[in-house]
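Undergrad:
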Amino acid sequence: MLSGYRAFSRRFVQSFPAHASSFEIETEFTMHALELRMPVAEISTAYGVRPRGSTSKLNTWTDGWRILMMIVRLFKAGKPLLFFSMGFFVCALSSLLLALPVFDDYLHTGFVPRLPTAVLCAALMLIGSILLACDIILDTVTRGRIEAKRFAYLSVDAPRPATKQG
Numbered sequence: 000m001l002s003g004y005r006a007f008s009r010r011f012v013q014s015f016p017a018h019a020s021s022f023e024i025e026t027e028f029t030m031h032a033l034e035l036r037m038p039v040a041e042i043s044t045a046y047g048v049r050p051r052g053s054t055s056k057l058n059t060w061t062d063g064w065r066i067l068m069m070i071v072r073l074f075k076a077g078k079p080l081l082f083f084s085m086g087f088f089v090c091a092l093s094s095l096l097l098a099l100p101v102f103d104d105y106l107h108t109g110f111v112p113r114l115p116t117a118v119l120c121a122a123l124m125l126i127g128s129i130l131l132a133c134d135i136i137l138d139t140v141t142r143g144r145i146e147a148k149r150f151a152y153l154s155v156d157a158p159r160p161a162t163k164q165g
C-alpha cells in the first residue's frame, strides 16, 4: 500500500478530495478507492537496490507516525460509529469500575465518603453518553458523505473504449 507508482482514471482524480499534504496521501488514495468500491490492481515490477552513495529522504519514525495518524483520522472519519463507541465503552467501563467501591461504601454505611470519585464516575458516564450520541449522528452523516462521494465519482463520464479508425 505504501510504495510503488499509482495510475488513476480521470474519474478518480476528479472525485478525490485531497486532504493530506505529504507522504500519507498514499493512505488517503487507498481509502478513497476502497470507499468507492473501485477495482484496484497490483502489477509486479522489477525492483533494484538503491544506487551506491544515494540516501533516502524517508524517516522511519516521523513518516510512520504521520501515516499512523492519517489512518486514525481516516478511521474516525470513515467509521465514526466504531471509533466513538470505543470511547463510550472505555468511559462507561471506567465509570462502572470506579463506582463499585462507592456503592459498596454507601450500602454498608449509608454515606458517600468518596464524593470526588462519585463525581468522576458521573462525569465519565456523561462523557460516554455524549460520545454515544455523537457517534450515532456522525455515522449517519458519514453514510451520506460516502454516497455523495460515490455520486461525484459516477458523475464524471467513464472512459470509452478506443474505436478502430479506417
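Counting in numbering that gives the first Met the number 0, the sequence shown runs from 0 upward without gaps.
The beta carbon of each residue, even a glycine, is placed where N, CA and C say it ideally should be.
Report the residue from Ala-132, Pro-50 and Phe-74 whose alpha carbon sits nearest the alpha carbon of Phe-88.
TA: Working through the sequence shown from its first residue, we reach residue 88 at position 89. The candidate whose alpha carbon is nearest that of Phe-88 is Ala-132.
Undergrad: Just how far apart, CA to CA, sit Lys-78 and Arg-51?
TA: Counting from one through the sequence shown, the residue named residue 78 turns up at place 79. Counting from one through the sequence shown, the residue named residue 51 turns up at place 52. C-alpha separation (whole angstroms): 44 Å.
Undergrad: In terms of residues, what are the limits of the alpha helix (DSSP H) holding Ile-24?
TA: Sequence index remark: in the sequence shown, residue 24 carries index 25 (1-based). It spans 24–34 - the alpha helix (DSSP H) in which Ile-24 sits, taken as one unbroken run.
Undergrad: Use the C-beta contact count for Arg-98: other C-beta atoms within 10 angstroms, 16 or more gives buried, fewer gives exposed.
TA: By 1-based counting over the sequence shown, the position of residue 98 is 99. Sequence inspection shows Ala at residue 98; the Arg mentioned does not correspond to that position. Looking at its Cβ environment, which holds 16 or more other Cβ atoms inside 10 Å, Ala-98 is buried.
Undergrad: Since Leu-123 and Ser-84 should fall inside the 8 Å C-beta cutoff, what is the C-beta to C-beta distance between them, to a whole number of angstroms?
TA: Mapped onto the sequence shown, residue 123 falls at position 124. Mapped onto the sequence shown, residue 84 falls at position 85. Contact flag wrong, Cβ pair sits at about 15 Å.
Undergrad: If I'm right that Val-101 touches Ser-14 with Cβ under 8 Å, what's the distance once you round it to whole angstroms?
TA: Within the sequence shown, residue 101 is the residue found at index 102, counting from 1. Within the sequence shown, residue 14 is the residue found at index 15, counting from 1. 53 Å between Cβ atoms; not a contact.
Undergrad: When you compare each of Thr-162, Ala-76 and Ala-91 to Glu-27 by their alpha carbons, which one comes out closest?
TA: As a first step, residue 27 is located in the sequence shown; it is residue number 28 there, counting from the start. Of the listed residues, the one whose Cα sits closest to Glu-27 is Ala-76.
Undergrad: Counting Cβ pairs closer than 8 Å, one from the stretch 114–128 and one from the stretch 53–67, do we hit at least three?
TA: The stretch 114–128 vs the stretch 53–67: no contact.
Undergrad: Here's a check: name, in chain order, each residue in its chain whose Cβ is nearer than 6 Å to the Cβ of Met-173, leaving out the five neighbours to either side.
TA: A question about residue 173 goes unanswered here, because the residues of the chain that appear run from 0 up to 165.
Undergrad: Give me the residue from Phe-110, Tyr-4 and Arg-10 with the minimum Cα distance to Ala-45.
TA: Residue mapping note: residue 45 aligns to position 46 of the sequence shown, counting from 1. Measuring from the Cα of Ala-45, the nearest candidate turns out to be Tyr-4.
Undergrad: Starting from the C-beta of Tyr-152, find all residues in its chain whose C-beta is less than 6 Å away, skip the five residues before and the five after it, and write them out in chain order.
TA: Residue numbering aside, residue 152 sits at position 153 when the sequence shown is read from its first letter. Closer than 6 Å at Cβ, skipping near neighbours: Arg-10, Ser-14 and Leu-35.
Undergrad: Cβ-heavy atom distance between Ser-21 and the ligand ADP below 8 Å?
TA: The model on display carries no ligand, and the ligand ADP is accordingly not part of it.
Undergrad: DSSP on Gly-127, reduced to helix/strand/coil?
TA: For this step, residue 127 is matched to residue 128 along the sequence shown. Gly-127: helix per DSSP, three-state reduction.
Undergrad: Relative to the alpha-carbon of Ser-21, which residue among Ala-40, Pro-38, Arg-65 and Thr-54 has its alpha-carbon at the smallest distance?
TA: For this step, residue 21 is matched to residue 22 along the sequence shown. Answer by Cα proximity: Arg-65.
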